[in-house]
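Same order as they appear, the protein sequences are chains A and B. Those letters in the first sequence? Residues 1 to 109, by the working numbering. Those letters in the second sequence? Residues 1 to 117, by the working numbering. Just so it is clear, CB atoms sit at the ideal spot from N, CA and C, and this is done for glycine as well. Note sheet for the following structure.
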Amino acid sequence: QSALTQPPSVSGSPGQSVTISCTGTSSDVGRYDHVSWFQQPPGTAPKLMIYEVSHRPSGVPDRFSGSKSGNAASLTISGLQAEDEGDYYCSSYTSRTSFVFGTGTTVTV
Amino acid sequence: EVRLVESGGGLVQPGGSLVLSCEVSGFTFSDYWMSWVRQAPGKGLEWLANIKQDGSEKYYVDSVKGRFTISRDNAKNSLYLQMNTLRAEDTAVYYCARDDNWGWGYWGQGTLVTVSS
Numbered sequence: 001q002s003a004l005t006q007p008p009s010v011s012g013s014p015g016q017s018v019t020i021s022c023t024g025t026s027s028d029v030g031r032y033d034h035v036s037w038f039q040q041p042p043g044t045a046p047k048l049m050i051y052e053v054s055h056r057p058s059g060v061p062d063r064f065s066g067s068k069s070g071n072a073a074s075l076t077i078s079g080l081q082a083e084d085e086g087d088y089y090c091s092s093y094t095s096r097t098s099f100v101f102g103t104g105t106t107v108t109v
Numbered sequence: 001e002v003r004l005v006e007s008g009g010g011l012v013q014p015g016g017s018l019v020l021s022c023e024v025s026g027f028t029f030s031d032y033w034m035s036w037v038r039q040a041p042g043k044g045l046e047w048l049a050n051i052k053q054d055g056s057e058k059y060y061v062d063s064v065k066g067r068f069t070i071s072r073d074n075a076k077n078s079l080y081l082q083m084n085t086l087r088a089e090d091t092a093v094y095y096c097a098r099d100d101n102w103g104w105g106y107w108g109q110g111t112l113v114t115v116s117s
């Protein structure tokens, strides 16, 4: 199972918006709405930011939003803040009854 | 407060074995699927395995099938990962995580496994 494809890095100024793409296949992202996004600041465990494509867990700011079209999902961070810096990973359930993560994207503010 | 605490990591020689444990508190362990996820130094996340609430279903990523075994003891609120025939490429921080809505809402702090001679 190959990792989902994400851009290595994205950057933006405070207040701007950035979008991270997550490209999979018809066997994972394209087949299921079980796409999640995680934020991982350096040296810490990942934190769930989005689940089921577009749902935010309690406590996650509404600046974070998710969407999906075909075999690709996206995470958009609006009103970028310094605390949003870190690595971001997408994940998807797959037709092989397994999960796969994305390659990871470093967000720089 | 939900807590997941991994233990059992350390230095092991290639070909050796190790058992990781994850003790949880703050929620009803037997109500949730649980997963193991790892992260090699400087690399991305890799899902390894998950296990159903009663242990009746287990799924693995291809790279660890036949070498790693996930298990749980609901009476002890604990999740385990038996790792055999370890390779250098298994060197990573290993996280246990609670399956929530096809993602993982709670994670432990991780335990480092180093496979080296």
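ask   = Would the beta-carbon of residue 109/A fall within 8 Å of that of residue 46/A?
value = no
Own chain, CB closer than 7 Å to residue 31/A, minus 5 neighbours either side, in chain order = 95
inquiry  = At the 8 Å Cβ level, is residue 36/B part of the contact set with chain A, yes or no?
reply    = no
request  = With DSSP as the reference, label residue 63/B as helix, strand or coil.
outcome  = helix
query = Which bits of chain A does residue 45/B rub up against, with CB to CB less than 7 Å?
reply = 46, 89, 101
Same chain only: Cβ atoms within 6 Å of residue 71/B, ignoring 5 sequence neighbours per side = 80
message = Rounded to whole angstroms, what is the Cα-Cα separation between residue 23/A and residue 36/A?
response = 13 Å
message = Tell me which residue opens and which closes the beta strand (DSSP E) that residue 29/B is part of.
response = Taken as a continuous stretch (DSSP letters only), residue 29/B belongs to no beta strand (DSSP E), as it is neither H nor E.
inquiry  = Quick check on residue 84/A: does DSSP put it in helix, strand or coil?
reply    = helix
ask   = Which residues in chain A sit within 7 Å of residue 104/B, going by Cβ to Cβ distance?
value = 48
ask   = In three-state DSSP terms, what is residue 43/B?
value = coil
query = What residues are listed by DSSP as bridge partners for residue 73/B?
reply = 78/B
query = How would you list, in chain order, the residues of chain A whose beta-carbon sits under 9 Å from the beta-carbon of residue 94/B?
reply = Going along chain A, no residue has its Cβ under 9 Å from residue 94/B, so there is no contact; the nearest lies around 11 Å.
task = Could you work out which residues of chain A lie near residue 108/B, taking near to mean beta carbons separated by less than 9 Å?
result = 45
query = What do you get for residue 98/A, buried or exposed, if any count of 16 or more other CB atoms within 10 angstroms of its CB means buried?
reply = buried
key: Helix, strand or coil at residue 3/A [DSSP, three-state]   = coil
inquiry  = I'd like to know whether the C-beta atoms of residue 33/A and residue 53/A end up nearer to each other than 8 Å.
reply    = yes
task = Check whether the segment 29 to 41 of chain B touches the segment 7 to 19 of chain B, counting contact only when three or more Cβ pairs, one atom from each stretch, lie closer than 8 Å.
result = no
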